[in-house]
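This report concerns only the one structure given below.
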Amino acid sequence: MNSDSDVECSLSGYLYAIKKILSWKIPTLILGGGGYNFPDTARLWTKITALTIEEVKGKKITLSSEIPEHSYFSRYGPDFELDINYFPHKNHNKSVDNSIKKHHHRLLEQLCNYADLNKIVYDYDMVCKLYNLTDNT
Numbered sequence: 001m002n003s004d005s006d007v008e009c010s011l012s013g014y015l016y017a018i019k020k021i022l023s024w025k026i027p028t029l030i031l032g033g034g035g036y037n038f039p040d041t042a043r044l045w046t047k048i049t050a051l052t053i054e055e056v057k058g059k060k061i062t063l064s065s066e067i068p069e070h071s072y073f074s075r076y077g078p079d080f081e082l083d084i085n086y087f088p089h090k091n092h093n094k095s096v097d098n099s100i101k102k103h104h105h106r107l108l109e110q111l112c113n114y115a116d117l118n119k120i121v122y123d124y125d126m127v128c129k130l131y132n133l134t135d136n137t
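Heads up: the sequence shown at position 108 corresponds to 108 in UniProt numbering, and the numbers run straight through without jumps.
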């Protein structure tokens, strides 16, 4: 999310991606994750959970726009609402493209390890070319 340091993505971007994946109608495991801004992470996963229930079970989930009072309520200020305000910021520390390539490379390595363990034959160089990856990424 925009409050995390590596990759900027809006709430609508996350929801679009989840909806797209769920539209494939294949078994899907959605795992929650952390973030640098815990209230925004909780907001995000609340919206993702509601969307997932709607898409998979066909049940409309109506979420209140106001955060209910609880022990961490003060962290959700100043507006105390479910929506996440997205303000893009320039990331001075890392190039987003470089960060994405590193993630692609890491995922490719994990896929290759999986393929090796399961004796699946693949052409590593062709896969790298297909995804525009190089070994020095």
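C-beta: ideal position from N, C-alpha, C; glycine also.
Small disclaimer: the values here were computed from a predicted structure and weren't measured.
Once you ignore the five residues that flank L82 on each side, which residues in its own chain have a CB closer than 8 angstroms to its CB?
One-based indexing of the sequence shown puts residue 82 at position 82. Taken in chain order, the residues that qualify are R43, T46, K47, L63, S64, S65, E66, I67.
On the criterion of 16 or more Cβ atoms from any shown chain inside 10 Å, does I84 qualify as buried, or is it exposed?
Along the sequence shown, read from residue 1 onward, the residue named residue 84 stands at position 84. Sixteen is the threshold: when 16 or more other Cβ atoms of the shown chains lie within 10 Å of the Cβ of I84, as they do, the residue is buried.
To the nearest angstrom, how far is the alpha carbon of I26 from that of S71?
Start at 1 with the first residue of the sequence shown, and residue 26 comes out as number 26. Start at 1 with the first residue of the sequence shown, and residue 71 comes out as number 71. Whole-angstrom Cα-Cα distance: 38 angstroms.
By how many angstroms is the C-alpha of G35 removed from the C-alpha of H103?
Taking the first residue of the sequence shown as position 1, residue 103 is located at position 103. Taking the first residue of the sequence shown as position 1, residue 35 is located at position 35. If you take the alpha carbons of H103 and G35, they lie about 17 angstroms apart.
What span of residues does the alpha helix (DSSP H) with S65 cover, start to end?
Working through the sequence shown from its first residue, we reach residue 65 at position 65. From DSSP, S65 is part of no alpha helix (DSSP H); its letter is neither H nor E.
Tell me the DSSP bridge mates of E81?
Along the sequence shown, read from residue 1 onward, the residue named residue 81 stands at position 81. BP columns for E81 point to E66.
Give me the Cα-Cα distance between F80 and T41, rounded to the nearest whole angstrom.
The residue given as residue 80 occupies position 80 in the sequence shown. The residue given as residue 41 occupies position 41 in the sequence shown. Using only the alpha carbons, I get a separation of about 14 angstroms.
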